[in-house]
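What follows is a set of notes on a single structure, which appears directly below.
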Amino acid sequence: MSYSPHSIRNICLLGHGGNGKTTLVESMLRMTGALDRLGKTSEGNTVCDYDPEEIKRQISISAAVAPVEYKGCKINVLDTPGNFDFAGEVAECLSVADAGVLVCAAKGGLSVGTERAWKLLNERNLPRIVYISKMDEDNVDFNSAFDTLREYFGKNIAPLMVPIWDEDKKVTGIVDVLHKRAFQPTADGQTEIPVPEDKVDVINEIYDKLMESVAETSEEFMDKYFSGEEFTYAEVMQGLKAGVRDCSMIPVVCGSSYTGLGTPLLLDVIIDLLPNPLEGIPYSGTDREGEPAEFIVSQGAVPAAFVFKTVADQYGKFSFVKVLSDRLTPDMTLVDSTTGQNEKLGRLYVMKGKKSTEVKELLCGDIGAIGKMDRVKTGDTLCDARKFMKIDPIPFAEPNFSKAIAPKTRGQDDKVAAGLARLNEEDPTFTVVNNAETHQMVVTAAGDIQMDVLVSKLKNRFGVDVELSEPRVPYREKIRKTVSKQGRHKKQTGGSGQFGDVWIRFEPNPESEEPVFAEEVFGGSVPKNFFPAVEKGIKEACLHGVLAGYPVVNLKAVLYDGSYHPVDSSEIAFKTAAQLAYKAALPEANPVLLEPVGELKVTVPDNYMGDVIGDLNKRRGRVMGMDPVSGGGQVITAEVPMAEMATYAIDLRAMTQSRGSFTFHFVRYEDCPPAAQEKAIAAAKAMQEE
C-alpha cells in the first residue's frame with residue numbers, strides 16, 4: 145500500500161544502550177498486528193537486531209528500518225544503536241528523520257547516552273518526544289525520572305501520561321492526560337478502566353498546564369484562554385503540534401514494551417503531534433553552481449532521493465533512500481550529483497529489518513531501498529538532470545582509535561583489504577590507510593567494540609583471520625653536528641676490480657626535510673659522471689638511520705674530495721663508497737630521534753577538566769589554551785607526542801564517563817627526550833630481532 149506524504153512519519157529512536165529501543169519497535173509491530181509474538185534481544189529474534197554480530201552480543205550495531213502501519217498512517221521507525229562506537233548509524237538516521245523519540249529508562253538517573261542524543265537533536269533542531277520505558281519493572285520511579293528530565297532539559301518538558309501505581313509502588317496502569325482516560329495492561333496490550341479518584345486532581349492540574357502551553361502558541365489562543373473559553377479538541381491538537389514543531393514543548397509519554405501498556409498511546413502521539421515529511425526541516429546543500437541552497441521535501445518537483453545508508457551482504461547490496469520529491473520507479477535514470485554519473489535505478493524495496501518487500505514505486509517522503517546500485521555510496525544524492533541538487537554529506541564524527549591489522553596467515557593481505565573495502569561501503573565511519581613508512585595497514589575506528597566487530601565480520605563473512613597490534617610510530621632521525629668521513633671501497637678479483645673513494649661532509653640542514661646532496665670537488669679527483677652514483681648511495685642510506693633504523697631527515701651531504709681508478713672505478717663502487725662514509729660519519733654526528741607531535745583538541749564538561757589536564761601532563765602534553773563551548777564545557781587545546789596517544793580514545797571515555805570527545809592531527813616533528821628515545825630504540829631493536 146502506498147501512503148501520501150501527509151500520512152507518513154519518519155521517526156528516529158535514540159537513547160542510551162539498553163534503554164529498550166529495539167524492544168519498543170517490537171511492541172509497536174506487535175500492537176499493530178505486524179507480528180504474532182514479541183521478539184526479545186536476549187533470544188536473538190527481534191526484527192531490528194538481525195545481524196549475527198548483534199545476536200551474539202545482544203546489542204544493536206547497525207540502524208534498522210521498521211515501517212509501522214497504524215490508523216491509516218505509515219510510521220517509518222529508525223532504530224539506532226545506543227553504543228557510542230556506532231554513533232555513525234545515528235547520524236545516518238538523523239539525516240532523514242523528521243523527528244526524534246528519546247527513549248529513557250524509568251530508573252537509574254539520566255544516562256550519558258540520553259544527554260548525547262539530546263545534543264544531537266538540538267544540533268539538527270528536530271522536534272522530539274520523550275518515552276520513559278520499562279514501567280513494568282520493580283522500583284521504577286516516574287516522578288524522579290520526570291524531575292531529572294526537567295532539571296536537565298528545562299521547563300518545556302510536559303507529561304501527556306501519568307502512571308497509576310499500587311501500595312507496593314508497582315505500576316498497574318497509565319492515564320492519558322489529554323483525553324482523561326485510564327488504561328491497564330492486558331495480555332494483548334491495554335484495556336480502558338475508570339480514572340482512579342486519587343489521580344483526578346493531579347490530571348486536572350497537568351491538563352491546565354498543557355492548556356497554558358497551547359495558549360502560548362498564538363495570540364488568538366492566548367486571548368481565548370484569558371477570556372475563560374475552553375479550547376476545542378482541534379485547537380488543543382493544533383497548539384500542541386505547533387509547540388512540538390518549534391521545540392517549545394517536549395511531550396513525555398511512558399509505557400512498557402513487554403506488556404504493551406502505553407504503546408498505542410505513543411503511536412497516537414507520533415501521528416497527532418510529530419511532523420510529516422512535508423513539514424520537516426529543509427535540507428541544506430549546493431545547487432548546480434556550487435552555491436549553498438535549501439531543499440524542501442515536496443511532491444510537485446522532479447524526482448530526487450538521498451542515500452543515507454548502505455547494506456552489503458551475501459544477498460546483494462541495498463542503498464537505503466529517502467524520497468525528497470515526486471516518486472521513484474524501477475529503471476528510472478537519475479544523476480548521482482556526487483559523481484556526476486547517470487544511474488539506472490534497480491528494483492525498489494520496503495525494508496522491515498532484514499526482510500525486503502519489492503514495491504512498484506516509492507512516494508515522496510517515504511523511506512525504502514534500491515537494489516544493486518554498485519556505484520552509489522552513502523551520502524550521495526540522486527536527482528533529475530533538470531534540477532540538480534546535492535545534499536550536504538552526513539556529519540560523521542572523526543574516528544580516532546587506531547590499530548594495525550594483519551592476516552594471521554601470510555599472503556592474505558589482499559583478502560583483508562578487499563574485505564575492509566566491502567565493510568567500509570556499509571560503514572563509512574572507519575578509515576583504512578596503508579602506511580608506506582611503517583609498512584602496516586592501519587584501521588581507525590570509533591572505539592574498541594567497533595574494531596572487534598570489524599575483526600569478527602572479516603572472519604565470518606570473508607573467511608580471513610586477522611590480528612591487531614599497536615600501530616608503529618613513524619619516528620625520524622637527524623644529526624646535530626657536522627662530521628667529515630672517508631668512504632673507500634676497494635675489491636680486487638680476477639680481471640677488473642672495483643674502486644671508489646670519497647670524502648663527504650655531513651652537516652645538519654634544517655632548511656629541507658629531504659636529504660640534500662652537493663659537491664665541492666676540485667681538480668677532477670672524482671669524475672663528474674660518478675656524482676649521481678654518490679647521490680644515489682646517500683639517498684638510499686638515509687632511508688635507515690643509525691639509531692633505530694628510521695629515515696634520516698634534515699641532512700646535507702657534501703662530496704668534497706676522493707680518488708678514482710681509470711679501469712676499476714664504476715658507479716656501483718662509488719655508490720657503495722658513499723654508503724660506507726655515511727655509516728662511519730652518522731654515529732659521530734650526535735644523532736637524535738625525532739618524534740611526531742600532534743595537536744589535540746579535547747571537548748570535556750567542566751567537572752572533568754582537572755582529570756583530563758592531569759592525564760595530559762602524564763602523556764608529556766603541553767596545554768596551549770582553553771576555550772568555553774556553548775552548552776557548558778571546555779575545549780582544551782594541547783600538543784602531545786603521537787607515541788603517547790595509542791590508548792587515548794579508551795582512556796578519555798573512562799575518565800569522562802564517555803562525555804568527552806577529541807580530535808588529533810599531526811603538526812610537526814620534535815627532538816625526542818632521552819628517556820622516550822631509549823624506549824623507542826629498544827622497541828625498534830626488539831622488532832628487528834623478531
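Take 145 as the starting number for the sequence shown in our numbering and just add one per residue. For glycine and all other residues, C-beta sits at the position ideal for the given N, C-alpha and C. These numbers were taken from a predicted model, which means no experiment stands behind them.
The secondary-structure analysis by DSSP pairs residue 596 with nothing; it has no beta-bridge partner.
Secondary structure note for residue 545: it is in no alpha helix (DSSP H), and the uninterrupted beta strand (DSSP E) holding it is 545 to 551.
According to DSSP, residue pairing for residue 210 in a beta bridge involves 221. Annotation for residue 503: 492, 494 place their beta carbon closer than 6 Å to its own, counting only its chain and skipping 5 residues before and after. Straight-line measurement puts the Cα of residue 311 at about 20 Å from the Cα of residue 403. Contact between the stretch 191 to 203 and the stretch 243 to 259 is not established, with fewer than three Cβ pairs separated by less than 8 Å. Residue environment for residue 723: buried (at least 16 other C-beta atoms within 10 angstroms of its C-beta).
By the C-beta criterion, the stretch 445 to 464 is judged to be in contact with the stretch 515 to 533, since at least 3 inter-stretch pairs fall below 8 Å. Nearest in C-alpha terms to residue 602, of all of 567, 631, 209, 633, is 567. The stretch 229 to 246 and the stretch 349 to 363 do not touch, with fewer than 3 CB-CB distances between them shorter than 8 Å. Minimum Cα-Cα distance from residue 580 among the listed residues 615, 289, 383 corresponds to 615.
Here the stretch 713 to 720 lies against the stretch 668 to 680, with 3 or more beta-carbon pairs under 8 Å apart. Each residue's CA atom was taken as its position, placing residue 271 and residue 301 some 12 Å apart.
From the listed residues 244, 147, 545, the smallest Cα separation to residue 165 is found for 244. When beta bridges are read from the DSSP output, residue 309 appears opposite 315.
Between residue 731 and residue 777, the C-beta gap is not smaller than 7 Å, which leaves the two residues out of contact. In this structure residue 738 touches residue 622 by the C-beta definition: roughly 6 Å separates them, less than 8 Å.
In this structure, residue 697 and residue 655 do not form a Cβ contact; the two beta carbons are roughly 11 Å apart against a cut-off of 8 Å.
Exposure of residue 345 is indicated by the presence of fewer than 16 other C-beta atoms within 10 angstroms of its C-beta. The three-state secondary structure of residue 658, taken from DSSP, is coil. In terms of Cα proximity to residue 576, the closest of 215, 187, 543 is 543. If you draw a straight line from the Cα of residue 756 to the Cα of residue 591, it comes to about 19 Å. For residue 490, same chain residues with a beta-carbon under 8 Å away, outside a window of 5 residues either side, are 474, 514, 515, 516, 517 in chain order. Distance from the CA of residue 408 to the CA of residue 353, rounded to the nearest whole angstrom, comes to 24 Å. The shortest CA-to-CA distance from residue 689 to any of 618, 820, 634 is the one to 618. In the structure shown, the three-state DSSP call for residue 150 is helix. Following the DSSP letters along the chain, one finds residue 286 inside the alpha helix (DSSP H) bounded by residues 286 to 297. In its chain, beyond the 5 residues on either side, 454, 456 have a beta carbon closer than 6 Å to the beta carbon of residue 569.
Selection 263, 744, 733 evaluated against residue 699 yields 733 as nearest (Cα-Cα). Between residue 684 and residue 661, the CB-CB gap reaches or exceeds 7 Å. Rounded to the nearest angstrom, the Cβ distance from residue 800 to residue 745 is 14 Å, too far for a contact under 8 Å. Looking only at 564, 421, 551, the smallest Cα-Cα distance to residue 507 is reached by 421.
Under the DSSP assignment, residue 391 falls outside any alpha helix (DSSP H); it carries neither an H nor an E label. The Cβ-Cβ distance between residue 555 and residue 191 does not fall below 7 Å. Under DSSP, residue 486 takes part in a beta bridge, and its partners are 479. The alpha-carbon separation between residue 212 and residue 178 amounts to approximately 8 Å.
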